[in-house]
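Read in the UniProt record's numbering, the sequence shown has 450 at position 450, and its numbers run on one by one without any break. Glycine residues also receive a C-beta, built at the ideal position from the N, C-alpha and C atoms. It should be emphasised that the depicted structure is a prediction, and the values quoted were computed from it without experimental measurement. Heads up, the thing below is written out as structure tokens.
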Amino acid sequence: MKDKLMNGMQRFAKAMFIPVLILPIAGILIAIGNLFTNAQLIETVPFLNNPITMGFGTILSGSLVSILTNLGLIFCVGIAMGLADKKKAEAGFTSLLGYLVFIHAMNNFLSLNELLVDPAALQGTGQTMVLGVQVLDMGVFLGIILGVITAFVHNKYADIEFDNAFQIYGGSRFVFIILIPIVVLAAILMSFVWPIVQSGIDSTGVFINQAGNFGLFLYGTLERLLIPTGLHHLVYTPFLYTSLGGVAEVGGELFEGARNIYFAEMAEPSISVLSESVIWDARGISKMFGLIGACLAMYHTAKPEHKAKAKAILIPAIFTSFIAGVTEPIEFSFMFIAPLLFVVHSVLSGLSMVTLNLLGVRAIGPNGFIDFLLYNIPLGIERTRWPLYILVGLIYFGLYYVIFRFLITKFNYRTIGREDSSSETRLYSKKDYKAKKAGTLVDGVIENETDKAQDGMAGTIVQALGGDDNIKTITNCYTRLRLTVDDPQVVDEAVLRDQTGASGVIIKDKNVQVVYGLQVNKVRRSVEEFLGRPSED
1 MKDKLMNGMQ RFAKAMFIPV LILPIAGILI AIGNLFTNAQ LIETVPFLNN PITMGFGTIL
61 SGSLVSILTN LGLIFCVGIA MGLADKKKAE AGFTSLLGYL VFIHAMNNFL SLNELLVDPA
121 ALQGTGQTMV LGVQVLDMGV FLGIILGVIT AFVHNKYADI EFDNAFQIYG GSRFVFIILI
181 PIVVLAAILM SFVWPIVQSG IDSTGVFINQ AGNFGLFLYG TLERLLIPTG LHHLVYTPFL
241 YTSLGGVAEV GGELFEGARN IYFAEMAEPS ISVLSESVIW DARGISKMFG LIGACLAMYH
301 TAKPEHKAKA KAILIPAIFT SFIAGVTEPI EFSFMFIAPL LFVVHSVLSG LSMVTLNLLG
361 VRAIGPNGFI DFLLYNIPLG IERTRWPLYI LVGLIYFGLY YVIFRFLITK FNYRTIGRED
421 SSSETRLYSK KDYKAKKAGT LVDGVIENET DKAQDGMAGT IVQALGGDDN IKTITNCYTR
481 LRLTVDDPQV VDEAVLRDQT GASGVIIKDK NVQVVYGLQV NKVRRSVEEF LGRPSED
């Protein structure tokens with residue numbers, strides 16, 4: 001039961017990536033729109049003081065805010081596609097239909113029972129308008145619930161087909177037929193249950209907010225500590241996109257979640273001070289500064305003969321962490337060989353949020369330096385206090401460097417560049433892989449075969465995962481190749497790390513996660529191509 005629960009949570013966390021990764025794009029475009037309407041920037045750059053660029057900025061930022069007000073629908077479709085085992089596009093389309101059925105079913109039920117409040121005074125009533133339909137305010141949770149329900153029904157009934165005249169009712173049409181009564185009943189049930197659930201969520205949010213800096217510390221620490229399980233998305237997503245991260249009225253419209261509030265306030269110049277809830281999104285200190293100090297400590301403690309190798313590995317990792325906010329390549333370099341360093345990193349990440357809160361800093365850098373520039377500079381120093389953010393970052397750069405260097409030398413951790421001997425790097429070819437399956441590969445040489453041309457690292461990855469027959473499913477999230485295998489015992493972690501450039505390997509039951517960073521999409525496609533399998537996405 002424990003393994004099934006963990007597997008389910010890992011699948012759910014992966015599915016959450018589909019909608020979550022779209023939202024930063026909306027935020028960046030809102031920030032770009034604000035550049036064209038920012039009064040200070042217009043004064044500095046007179047060229048921007050014209051109706052065309054100002055109108056473009058207003059339209060761009062205003063139109064993208066609509067994504068934030070329809071997160072339920074976005075999560076519904078994204079999660080249904082992410083959890084679907086097959087025919088993902090059909091699952092997404094069916095979830096959209098189910099979402100429309102749900103909101104209208106709930107509206108009609110509330111209307112029949114005279115439970116709808118005055119549409120002109122919705123704030124604070126627990127009701128809201130969704131796609132022009134008045135329903136209970138379930139926010140992003142509505143999308144999550146319906147996405148999971150749709151995926152479950154889809155996976156169970158998507159392959160059912162009928163003969164003769166009933167043929168048109170098979171497949172995804174049959175899924176929708178089954179889904180209709182389930183969704184209608186869910187709408188009726190939620191009309192009674194959700195007010196109780198919402199009360200609990202609100203109480204939890206109040207408790208966390210009242211916990212103040214301790215709550216921030218706990219959030220920041222757990223968000224890092226759960227990275228090895230792949231479940232850290234389940235920590236920060238509720239704070240970024242639900243009422244746990246705050247509720248604020250911006251421009252006459254109600255927004256929930258730290259990131260949603262921040263983006264909405266970016267598009268509202270009349271607001272002089274950003275909401276305190278945005279501190280839940282201030283995860284950039286460790287990404288832009290802290291881990292860079294850790295990398296410098298690893299480089300300075302590397303053995304002289306390995307410094308060149310350490311530099312070649314660390315510089316790309318530093319770049320992706322600082323610019324794009326992708327930290328896993330660095331974190332996995334010490335997570336398992338020196339767990340104490342990872343605990344220290346998690347604690348420092350939590351403390352950095354507390355420090356920002358104590359100084360009243362509202363600047364954020366959730367996805368690296370580019371985000372930091374676009375989100376904070378146009379809003380000015382008064383609203384964000386971004387210079388203090390940089391100062392805090394430099395302080396934590398120093399803390400990471402001093403603490404990591406001390407611990408690495410004190411406990412003689414085998415971090416990058418401190419290995420006893422450099423591992424041989426060899427990429428096996430497709431012919432190597434096929435020869436090994438046939439039992440004709442001896443000491444790395446194919447018997448009776450002189451052609452040693454290499455075919456990329458896909459064959460090496462497949463070989464290290466136990467071969468074609470051992471690999472059941474192949475997907476990926478933002479930085480990890482995610483697979484299910486028949487026998488996890490045959491997975492060769494050393495080959496994956498040393499010969500394919502993986503930053504880390506996590507094996508839990510039959511689930512295998514291999515960390516490749518931003519190039520993971522390319523890695524997944526090459527493996528699928530090598531195996532001759534169609535993409536599962």
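Under 8 Å between C-beta atoms of residue i and residue j
i      : j      : result
Gln127 : Val140 : no
Leu291 : Ile330 : yes
Asn34  : Pro304 : no
Gly245 : Ala258 : yes
Val495 : Ser503 : no
Gly147 : Gly251 : no
Met298 : Ala310 : yes
Leu374 : Ile28  : yes
Phe176 : Gly293 : no
Arg533 : Leu481 : no
Ala458 : Val361 : no
Tyr413 : Ala338 : yes
Val153 : Leu179 : yes
Asp468 : Leu531 : yes
Ser349 : Thr221 : yes
Leu218 : Val354 : no
Cys477 : Lys88  : no
Thr409 : Thr460 : no
Asn470 : Asp487 : yes
One or two residues paired with residue i in a DSSP bridge
i      : result
Phe108 : One detail in the question is off: residue 108 reads as Asn in this sequence, not Phe. None; Asn108 has no bridge partner.
Val175 : According to DSSP, Val175 bridges with nothing at all.
Val485 : Ile471
Leu388 : None; Leu388 has no bridge partner.
Asn476 : Leu481
Phe255 : Ala248
Met129 : Gln134
Residue range of the unbroken beta strand (DSSP E) whose run includes residue i
i      : result
Ile507 : Gly504 to Lys508
Phe342 : Unbroken run through Phe342 is the alpha helix (DSSP H), Pro339 to Leu358; no beta strand (DSSP E).
Lys86  : It is not in any beta strand (DSSP E) - Lys86 carries neither H nor E in the DSSP assignment.
Val515 : Asn511 to Val515
Leu142 : It is not in any beta strand (DSSP E) - Leu142 instead sits in the alpha helix (DSSP H) that spans Gly139 to Tyr157.
First and last residue of the uninterrupted alpha helix (DSSP H) at residue i
i      : result
Ile318 : Lys307 to Phe319
Ala464 : Ala458 to Ala464
Ala294 : Leu291 to His300
Met54  : Pro51 to Leu68
Glu493 : Glu493 to Thr500
Thr221 : Asn213 to Leu225
Ile330 : Glu328 to Phe334
Asp118 : Counting along the chain, Asp118 falls outside any alpha helix (DSSP H), and DSSP gives it neither H nor E.
Arg524 : Val520 to Leu531
Ile370 : Phe369 to Asn376
Whole-angstrom C-beta distance between residue j and residue i, which should lie under 8 Å
i           : j      : result
Asn511      : Thr484 : 6 Å
Val326      : Ser352 : That pair is no contact at about 18 Å.
Gly417      : Lys307 : 6 Å
Tyr389      : Leu356 : 7 Å
Gly72       : Val130 : 6 Å
Ala105      : Val184 : 5 Å
Thr242      : Glu256 : 6 Å
Phe75       : Ile144 : 5 Å
residue 587 : Phe109 : Since the first residue shown for the chain is 1 and the last is 537, residue 587 is missing from the structure and cannot be characterised.
Gly466      : Val491 : 6 Å
Ala26       : Ile67  : 5 Å
Thr320      : Leu518 : 6 Å
Met266      : Ala31  : 6 Å
Ile160      : Tyr262 : Not a contact, Cβ separation roughly 45 Å.
Cβ of residue i within 8 Å of any chain C Cβ
i      : result
Pro329 : Chain labels in this structure do not include chain C; a single protein chain is all it has.
heavy atom of the ligand PLP below 7 Å from residue i C-beta
i      : result
Phe334 : In the structure shown, the ligand PLP is absent, as is every other ligand, since no ligand is present at all.
Open item on the list: Check whether the segment 90–100 and the segment 159–170 touch, using three or more Cβ-Cβ pairs below 8 Å as the test.
Closed with: no
Open item on the list: Taking 8 Å as the cut-off, does the segment 342–361 touch the segment 397–404 (at least 3 CB pairs, one atom from each stretch)?
Closed with: yes
- [ ] Kindly confirm or deny that the segment 185–201 and the segment 110–127 touch, where touching means at least three C-beta pairs closer than 8 Å.
- [x] yes
- [ ] Flag this pair as touching only if the segment 54–61 and the segment 73–87 have three or more C-beta atom pairs under 8 Å; answer yes or no.
- [x] no
Open item on the list: Check whether the segment 363–378 and the segment 212–230 touch, using three or more Cβ-Cβ pairs below 8 Å as the test.
Closed with: no
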